[in-house]
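Visitor: Shown below is the structure under consideration.
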Amino acid sequence: MRLGPMRRAGPVLLLTAIWACEGNDAPVGPEAGARVSASTSPDLSALAKYVDGPLDLPTDLVQQLIGPAGGSLSIGGFETVVPPGAVSIPTLFTILVSLGDERVHAEFGPHDQTFLQPVTLRTPYLGTTAEGKAVRVLWWDGASWVPLETTVTADGRLEASTTHFSEYGTEEELRGITVSGG
């Protein structure tokens, strides 16, 4: 069966309309995370490694349209929890992991948006070289890794809150602190 031009264009027009409206109600401010690009690739040496080698997953990306009611998405131990009221319109949230990389990091999206309420993100801790150490979730600001206030969850992940997204990872060890016994 042959589809008419309007019938074929319908999905394209719908996606274009969604894309055009996506950022109109979204608050954006100087707190929004820097968009990571090849010229600002983070130095991953500050991040923990997976003990058993890189993630072995069927895909490197999850995405979920989450609206004002809230929701969540996860992949490979990374998770985003969006509380009710964090966004005013349906927003495409993403988590992109690097399947061939031994370092514990992921890129969370959307970029360049400040959320109305802090969202929770979780990163792997158990099964990493950071396990058993006092470490934090770090975010890449385009020039350096910035620590967030972090807790350990009951299921062995690190948890932090943020009002914007960027690249995040699990710290290898606390920087600038020397531990000595006596």
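All residue numbers for the sequence shown refer to the working numbering, where the first residue is 752 and numbers rise by one. Virtual Cβ for every residue (Gly too), placed ideally from N, Cα, C.
What is the DSSP secondary structure of leucine 795, reduced to helix, strand or coil?
Guide: helix
Visitor: Per DSSP, what are the beta-bridge partners of tyrosine 801 in this structure?
Guide: Thr879
Visitor: Using CA atoms only, rank isn't needed, just tell me which of Val903, Ser917, Leu795 and Glu882 is closest to glutamate 718.
Guide: Residue 718 cannot be examined here, being either before or after the span of the chain that is shown, 752 to 933.
Visitor: Which residues bound the beta strand (DSSP E) around isoleucine 826?
Guide: Run containing isoleucine 826: 822-826, per the beta strand (DSSP E) assignment.
Visitor: Three or more beta-carbon pairs under 8 angstroms between the region 902-918 and the region 872-882, yes or no?
Guide: yes
Visitor: For the beta strand (DSSP E) containing glutamate 853, list its first residue and its last residue.
Guide: Counting along the chain, no beta strand (DSSP E) covers glutamate 853, and no H or E run does either.
Visitor: Rounded to the nearest angstrom, how far is the Cβ of lysine 800 from that of arginine 854, given a contact under 8 angstroms?
Guide: 6 angstroms
Visitor: Let me know the secondary structure DSSP gives phenylalanine 941 once reduced to three states.
Guide: Lying before the first or after the last residue shown, residue 941 is absent from the chain, which here runs from 752 to 933.
Visitor: Alpha carbon to alpha carbon, what distance is there between glycine 920 and tryptophan 896?
Guide: 9 angstroms
Visitor: I want to check one thing, is the minimum distance from the CB of glycine 893 to the heavy atoms of the ligand HEM below 7 angstroms?
Guide: Of the ligands one can find in the structure shown there are none, so the ligand HEM has no counterpart to examine.
Visitor: Within 8 angstroms, do at least three Cβ pairs link the region 845-854 to the region 793-807?
Guide: Contact between the region 793-807 and the region 845-854 is present: three or more C-beta pairs spanning the two stretches fall below 8 angstroms.
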